[in-house]
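The sequence shown runs 7 to 87 under this note's numbering.
Just so you know, even glycine gets a beta-carbon here, dropped at the ideal spot from N, CA and C.
Just so you know, these numbers come straight off a predicted model, no measurement behind them.
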Amino acid sequence: VAFLLQDAAPLSPGGRRTAMTILAALVALAQLLLEPALFGLATCSPRGSATQAMMVGNASAGVVVVAASALTRLAAGGAAA
């Protein structure tokens, strides 16, 4: 969202950092509230396949995040965290 709005509302580097921090906190809060409910709903599946699919999805998302982070760092010249 911040990337899409950067032209509409130009921010200083500090403002961008603040916006990204706020957006990350909102996403984390949404996950905190929704993930337990989704796992609870998945347990209603008679064979447990929905719970297994959610766990595979979480693992896949983690792999994508780590890969995207590594590629971003490499694109930026290999800067360390």
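Reducing DSSP to helix, strand and coil, say where residue i ends up.
i    : result
P42  : helix
S75  : helix
T49  : coil
A59  : helix
G20  : helix
A82  : coil
G68  : helix
A36  : helix
A168 : This structure does not reach residue 168, given that the chain is present from 7 up to 87, and the question cannot be answered.
In its own chain, which residues sit with a C-beta less than 7 angstroms from the C-beta of residue i, not counting the 5 before and 5 after it?
i   : result
M61 : none
A56 : A48
Quick one: what's got a C-beta closer than 6 angstroms to residue i's C-beta in the same chain, skipping five residues either side?
i   : result
S75 : none
Against chain C, with Cβ distances strictly below 8 angstroms, would residue i count as a contact?
i   : result
A56 : The structure shown contains no chain C; it is built from a single protein chain.
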